[in-house]
Every structure is written in structure tokens, then in C-alpha cells.
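Q: Under the working numbering, the first residue of the sequence shown carries the number 501, and numbering increases by one thereafter.
Glycine residues also receive a C-beta, built at the ideal position from the N, C-alpha and C atoms.
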Amino acid sequence: MNTHFFLSIIYLAISLVLGLLVTFITSRLFTRFIRRKYQITPNNTSFAFLLAAVIFSVGYIISGVLDPIYKMINVIRLIDTDAASMFFDVLKYGIVFIVIGYIVAFLIIILAMYLFNLINTEIDELEEISKDNVAVGILVGTIIIVITLFVKTSIIFFLENLIPHPELQLGI
Numbered sequence: 501m502n503t504h505f506f507l508s509i510i511y512l513a514i515s516l517v518l519g520l521l522v523t524f525i526t527s528r529l530f531t532r533f534i535r536r537k538y539q540i541t542p543n544n545t546s547f548a549f550l551l552a553a554v555i556f557s558v559g560y561i562i563s564g565v566l567d568p569i570y571k572m573i574n575v576i577r578l579i580d581t582d583a584a585s586m587f588f589d590v591l592k593y594g595i596v597f598i599v600i601g602y603i604v605a606f607l608i609i610i611l612a613m614y615l616f617n618l619i620n621t622e623i624d625e626l627e628e629i630s631k632d633n634v635a636v637g638i639l640v641g642t643i644i645i646v647i648t649l650f651v652k653t654s655i656i657f658f659l660e661n662l663i664p665h666p667e668l669q670l671g672i
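1) Using CA atoms only, rank isn't needed, just tell me which of Phe547, Val590, Phe606 and Leu615 is closest to glutamate 627.
2) The alpha helix (DSSP H) with leucine 498 in it runs from where to where?
3) Could you check whether glycine 564 and isoleucine 656 sit closer than 7 Å to each other, using their CB atoms as the reference points?
4) How about glycine 594 and isoleucine 569: are their beta carbons less than 7 Å apart?
5) What number of angstroms, rounded off, separates the C-alpha of alanine 584 from the C-alpha of arginine 535?
6) Given this structure, state the Cα-to-Cα distance separating isoleucine 638 from leucine 550, to the nearest angstrom.
7) Inspect the beta-carbon positions of serine 527 and isoleucine 555 and report whether they are closer than 7 Å.
8) Can you tell me the Cα-Cα spacing of leucine 668 and valine 575, whole angstroms?
9) By the 10 Å Cβ neighbour count, where 16 or more other Cβ atoms means buried, how is alanine 612 classified, buried or exposed?
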């Protein structure tokens, strides 16, 4: 079987599993944290909008993390000739990239919500969401998405700088 075809199947499997894990974990963590603190019921529509924005934002950032992982796999493939060593290097860097991306995504969301709450002193957004104020849920969700769109590139740039690159020998 062609190596590129095999790698494309591995990339697809990684993307699918990672997408499912990120969606599930983000949903569970955010729901437990916010629902317990603000006593939000499961049928709260404004919280559903906020949760959808959070899941989208984290997924969007993590989807960008996949590109540096794939680049790193190709670089390690050129460096390592031993299959076992290559597998563990890919696993090590892949986990580091995903964990950093996930932590940064959550920090950005929390920071965005906190800063918007500081700027907008007229209402407590999370308190309004707990009262099922749909307009506030949509507004805060949109703010989270917009901030995510702005910061994704800088996160990817940071992660790409963690990729090990082979030393080039110039024959001068």
C-alpha cells in the first residue's frame, strides 16, 4: 500500500477521534463548571447557545492544531528511520500540541467571557444566561467565536515553532 495513502487514512482517523473527544470533553467540562456554579437547568436555551459557541471555538482552535501535527509527522518521518521511534515521537509531540491547544482554547474562552463581563458593567452575563436570557447567550457566544477567530493563527504559529526541524548541512 502507498505510504501517502496510509498516512491519509491515519490523518482521517486522528481527525475523527480528536473531533469526537474534543466535543465530548468540552461539553462535559463546560457544562459541569457553569451549570453547577449558576444552577442552570438542562433545558436552558441561552446556555445551549453559549455551549454551542464554546464547543465551536475549542473545536476550531484544535482543528488548527492538526496542521502542525501533520507537519511534525512529516518532519519526524524524514528524521527517524526507526518505526517505533517515529511512532513515539509523533505520539509525544501530538499529545503536547493537543494539550497546549486545548488549554489555550479554554483559557481564551474564560478570558473573553471575563473581559467582556468587565467591560460591560450593566449586566452579569452568566447570571442572565442562568435566567435563560437568550439574547445574552447569543451575544456572549458570538463574542467567544469572534475572539477565537482572531487568536487561532497566533496559537498555530506558536505550536509550529515547537516542531523539531532537522539540522541542514550546507556543503560550503
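A: By the coordinates alone:
1) Phe547
2) The requested residue 498 is not part of the displayed model; the chain covers only 501 to 672.
3) Going by C-beta atoms, isoleucine 656 is nearer than 7 Å to glycine 564.
4) yes
5) Rounded to the nearest angstrom, the two C-alpha atoms are 44 Å apart.
6) If you draw a straight line from the Cα of isoleucine 638 to the Cα of leucine 550, it comes to about 7 Å.
7) yes
8) Below a pLDDT of 50, predicted positions are generally treated as unreliable, and leucine 668, at 46, falls in that range; the measurement from the model is reported next regardless. So the alpha carbons of these two residues sit roughly 13 Å apart.
9) It is buried - the Cβ of alanine 612 has at least 16 other Cβ atoms within 10 Å.
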